[in-house]
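Undergrad: Encoded as structure tokens, here's the structure I'll be asking about.
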Amino acid sequence: MRAVWLVVLLVLAGCATTRPQPTKPTSAPRSPDAWAGFPVGRKPRPIVLLHTMPRAHRVDGRSADAGRSSTFETDPPSIAPTANVRLWDGMAVLPTIDASTALRAMLAQTKSPPLRVTRVDFGAAQFDTDRGPLTLPAWLFHTQDSAEPLVWPALDPSVFWRFDKVPSPESRPSGIRVTKVDGLKITVTLPHPHEPCRGKPPPAYHGEARESDTSVMVTAVPEHATGCAPATSTLAPFDITLARPLGDRVLVDGANRPIPVN
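Read in UniProt numbering, the sequence shown has 171 at position 171, and its numbers run on one by one without any break.
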């Protein structure tokens, strides 16, 4: 068995002494009920993927996506019906899917021209989730037009929450992150308008949490009504005290997009 490890490298620019770059303001907070159906008490906790699937790599300026008529040139390896996977809350035995099932799932997601799948490997890949990076069993589909494989989880969709329907990280303003979780207290870097209204001092903001049984929505809110709508936002850390520990609930921003908690 050939294990292939793919690591996502995030390049962060700037430093603490550099003035934060302005970002577009986020939309008005929505109700956290978008996560009302999340099974907080389920063990193991469902995996919330933060990737647009399939994971594709660009080669020679083109996207290496799976085509609708893709077929195997060689027989893919057979795997066991379950796999031992280390999750954030311990080891779990999870159901797997075979390569054909994974390929069909990919074909349902893409609309690119057909590509020949020249080789299929069963290995492991790192995926971003709402509880940080997880290394999961994965199918790696090699095509004739790509030096890197397409990656698809080798786990049954039932172990994920709304597989491939959770907003991707690209839809969330960059820089939103959790820097500390300590019981009832969390520290989150959030965007907030920083431009003062005409004739007014710079606005003051504080972090606020709207909690439900399944999610915690965190936003930066003004201490007082600003009376204007600034065009840009900046990022700053906010200390927020929750009514109860975050636990297995999903942490989201004002647009219901998951914020990773490592």
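Positions of the beta carbon are idealized from the N, C-alpha and C atoms, including for glycine.
The structure displayed is predicted, hence computed values, not measured ones.
Is there a Cβ from chain D that is less than 8 Å from the Cβ of His142?
TA: Protein chain content of the structure displayed is limited to a single chain, and chain D is not contained in it.
Undergrad: Which two residues bound the contiguous beta strand (DSSP E) that contains Glu219?
TA: The residue you call residue 219 lines up with position 219 of the sequence shown. Sequence inspection shows Thr at residue 219; the Glu mentioned does not correspond to that position. Taken as a continuous stretch (DSSP letters only), the beta strand (DSSP E) holding Thr219 covers 215-222.
Undergrad: Quick check on this structure: which residue in Val252, Ser233, Phe38 has the alpha carbon closest to the alpha carbon of Glu208?
TA: Counting from one through the sequence shown, the residue named residue 208 turns up at place 208. Among Val252, Ser233, Phe38, the Cα nearest to that of Glu208 belongs to Val252.
Undergrad: For the 8 Å Cβ check, are there 3 or more pairs between the segment 192-210 and the segment 151-164?
TA: No, they do not touch.
Undergrad: Measure the alpha-carbon distance for Gly175 versus Lys200 and round it to whole angstroms.
TA: Indexing the sequence shown from 1 puts residue 175 at position 175. Indexing the sequence shown from 1 puts residue 200 at position 200. Answer to the nearest angstrom: the Cα atoms are 27 Å apart.
Undergrad: So, with DSSP's three-state summary, where would you put Leu6?
TA: Counted from its first residue, the sequence shown places residue 6 at position 6. At Leu6, the pLDDT of 37 sits below 50, so the modelled position is not reliable and the matter cannot be decided from this model.
Undergrad: What does DSSP give as the partner residues of residue 307 in its beta bridges?
TA: For residue 307 there is no data in the structure shown, the boundaries of the chain being 1 and 262.
Undergrad: Tell whether a beta-carbon distance below 8 Å holds between residue 286 and Pro191.
TA: There is simply no residue 286 to check, as the chain begins at 1 and stops at 262 in what is shown.
Undergrad: Where does Asp65 sit, in a helix, a strand or coil, going by DSSP?
TA: The count along the sequence shown starts at 1 and reaches residue 65 at position 65. Caution is warranted here: a pLDDT of 44 is assigned to Asp65, below 50, making its placement in the model unreliable, and the coordinate value is therefore given only provisionally. Looking at Asp65 - three-state DSSP - the assignment turns out to be coil, as it is neither helix nor strand.
Undergrad: Going by Cα to Cα distance, which pick from Leu150, Ile240, Pro44, Gly37 is closest to Asn84?
TA: In the sequence shown, the residue the question calls residue 84 occupies position 84. Out of Leu150, Ile240, Pro44, Gly37, Pro44 has the C-alpha closest to the C-alpha of Asn84.
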